[in-house]
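*Asks:*
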Amino acid sequence: MKSKTLALYLVILLSIADLALTVQYLPNVYEANPIARWMMDVFGYCALPLVMLKIITVSVSVTILASIEKRCATIASWVCVAILLGTVIAWNLYPV
5 MKSKTLALYL
15 VILLSIADLA
25 LTVQYLPNVY
35 EANPIARWMM
45 DVFGYCALPL
55 VMLKIITVSV
65 SVTILASIEK
75 RCATIASWVC
85 VAILLGTVIA
95 WNLYPV
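Counting in this note's numbering, the sequence shown runs from 5 upward without gaps.
(1) Less than 8 Å between the C-beta atoms of VAL92 and LEU54, yes or no?
(2) What three-state label does DSSP hand LEU97 in the structure shown?
(3) Just how far apart, CA to CA, sit SER7 and CYS50?
(4) Figure out for me which residue from LEU12, ILE59, MET43, GLU35 has the closest Cα to the Cα of ALA94.
(5) Could you tell me the alpha carbon to alpha carbon distance between ASN96 and GLY90, rounded to whole angstroms?
(6) Give me, in chain order, the residues of the same chain whose beta-carbon lies closer than 7 Å to that of MET44; leave out the 5 immediate sequence neighbours on both sides.
(7) Can you find the residues in the same chain that come closer than 6 Å, C-beta to C-beta, to ALA11, ignoring five residues on each side of it along the sequence?
(8) Using beta-carbon positions only, say whether ALA40 and LEU57 come within less than 8 Å of one another.
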(Lines of atoms letter the chains of each structure in order from A and count residues from 1; the text may use other names and numbers.)
(Lines give C-alpha, C1' and ligand atoms only; values in the text may rest on other atoms or scores of the structure.)
Protein backbone atom coordinates (compact mmCIF):
# COMPACT_ATOMS: atom_id res chain seq x y z
CA MET A 1 0.00 0.00 0.00
CA LYS A 2 1.32 3.41 -0.92
CA SER A 3 2.08 5.90 1.84
CA LYS A 4 -0.48 8.41 0.55
CA THR A 5 -3.19 5.74 0.35
CA LEU A 6 -2.57 4.75 3.94
CA ALA A 7 -2.66 8.39 5.03
CA LEU A 8 -5.98 8.97 3.25
CA TYR A 9 -7.53 5.90 4.89
CA LEU A 10 -6.34 7.28 8.23
CA VAL A 11 -7.84 10.69 7.40
CA ILE A 12 -11.22 9.03 6.82
CA LEU A 13 -10.98 6.95 10.01
CA LEU A 14 -9.85 9.85 12.19
CA SER A 15 -12.54 12.10 10.69
CA ILE A 16 -15.17 9.56 11.70
CA ALA A 17 -13.70 9.44 15.21
CA ASP A 18 -13.72 13.26 15.38
CA LEU A 19 -17.35 13.38 14.28
CA ALA A 20 -18.38 10.66 16.74
CA LEU A 21 -16.73 12.51 19.61
CA THR A 22 -18.29 15.83 18.55
CA VAL A 23 -21.76 14.28 18.46
CA GLN A 24 -21.13 12.52 21.79
CA TYR A 25 -20.44 15.82 23.55
CA LEU A 26 -23.33 17.80 22.01
CA PRO A 27 -24.56 20.27 23.26
CA ASN A 28 -21.79 20.76 25.85
CA VAL A 29 -19.09 21.42 23.29
CA TYR A 30 -17.23 24.41 21.93
CA GLU A 31 -16.80 23.83 18.21
CA ALA A 32 -13.52 25.30 16.96
CA ASN A 33 -14.44 24.88 13.29
CA PRO A 34 -16.17 28.16 12.33
CA ILE A 35 -18.31 26.53 9.64
CA ALA A 36 -19.53 23.80 11.98
CA ARG A 37 -20.07 26.37 14.73
CA TRP A 38 -22.19 28.46 12.34
CA MET A 39 -24.20 25.35 11.42
CA MET A 40 -24.79 24.67 15.12
CA ASP A 41 -25.99 28.25 15.55
CA VAL A 42 -28.38 27.90 12.60
CA PHE A 43 -29.60 24.31 13.03
CA GLY A 44 -29.10 23.85 16.77
CA TYR A 45 -27.35 20.85 18.20
CA CYS A 46 -28.65 18.44 15.61
CA ALA A 47 -26.08 15.88 14.45
CA LEU A 48 -27.37 15.53 10.86
CA PRO A 49 -26.00 18.86 9.51
CA LEU A 50 -22.62 18.11 11.10
CA VAL A 51 -22.59 14.63 9.57
CA MET A 52 -23.40 16.06 6.15
CA LEU A 53 -20.69 18.72 6.50
CA LYS A 54 -18.13 16.08 7.51
CA ILE A 55 -19.07 13.76 4.63
CA ILE A 56 -18.81 16.58 2.08
CA THR A 57 -15.56 18.10 3.35
CA VAL A 58 -13.74 14.79 3.87
CA SER A 59 -14.94 13.42 0.51
CA VAL A 60 -13.80 16.50 -1.38
CA SER A 61 -10.46 16.69 0.46
CA VAL A 62 -9.63 13.01 0.05
CA THR A 63 -10.64 13.07 -3.62
CA ILE A 64 -8.43 16.09 -4.33
CA LEU A 65 -5.44 14.66 -2.47
CA ALA A 66 -5.88 11.22 -4.08
CA SER A 67 -5.96 12.71 -7.57
CA ILE A 68 -2.70 14.65 -7.21
CA GLU A 69 0.31 12.53 -8.13
CA LYS A 70 2.96 14.74 -6.56
CA ARG A 71 4.97 14.29 -3.39
CA CYS A 72 3.35 17.40 -1.90
CA ALA A 73 -0.02 15.57 -1.87
CA THR A 74 1.51 12.74 0.17
CA ILE A 75 3.00 15.25 2.60
CA ALA A 76 -0.32 17.12 2.82
CA SER A 77 -2.13 13.84 3.49
CA TRP A 78 0.18 13.04 6.40
CA VAL A 79 -0.19 16.59 7.74
CA CYS A 80 -3.97 16.00 7.75
CA VAL A 81 -3.43 12.77 9.68
CA ALA A 82 -1.30 14.59 12.27
CA ILE A 83 -3.88 17.35 12.72
CA LEU A 84 -6.77 14.89 13.03
CA LEU A 85 -4.80 12.70 15.43
CA GLY A 86 -4.15 15.77 17.59
CA THR A 87 -7.86 16.59 17.48
CA VAL A 88 -8.89 13.09 18.53
CA ILE A 89 -6.34 13.10 21.36
CA ALA A 90 -7.60 16.49 22.49
CA TRP A 91 -11.17 15.14 22.48
CA ASN A 92 -10.10 12.37 24.83
CA LEU A 93 -8.80 15.02 27.23
CA TYR A 94 -12.05 17.04 26.98
CA PRO A 95 -13.60 17.63 30.41
CA VAL A 96 -17.09 16.21 30.59
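Heads up, the beta-carbon is just placed ideally off N, CA and C, and yes, glycines get one too. Computed from a predicted model, the values in this text were never measured in an experiment.
*Replies:* With the given structure in hand:
(1) For the purposes of this step, residue 92 is taken as residue 88 along the sequence shown, with counting starting at 1. For the purposes of this step, residue 54 is taken as residue 50 along the sequence shown, with counting starting at 1. No. Outside cutoff.
(2) On the sequence shown, residue 97 is found 93 positions in, with the first residue counted as 1. Coil, per DSSP.
(3) As a first step, residue 7 must be located in the sequence shown, where it is residue number 3. As a first step, residue 50 must be located in the sequence shown, where it is residue number 46. Between the alpha carbons of SER7 and CYS50 lies a distance of about 36 Å.
(4) Residue 94 sits at position 90 when you count from the first residue of the sequence shown. Per the Cα distances, GLU35.
(5) By one-based count along the sequence shown, residue 96 stands at place 92. By one-based count along the sequence shown, residue 90 stands at place 86. Put simply, the backbone Cα of ASN96 is about 10 Å away from that of GLY90.
(6) One-based indexing of the sequence shown puts residue 44 at position 40. GLU35, listed in sequence order.
(7) Here residue 11 corresponds to residue number 7 of the sequence shown, with the count starting at 1. Cβ-Cβ distances below 6 Å link ALA11 to SER81, TRP82, VAL85 in the same chain, with the five nearest sequence neighbours on each side left out; the list follows chain order.
(8) Within the sequence shown, numbered from 1, the residue matching residue 40 stands at position 36. Within the sequence shown, numbered from 1, the residue matching residue 57 stands at position 53. A contact, by the Cβ cut-off of 8 Å.
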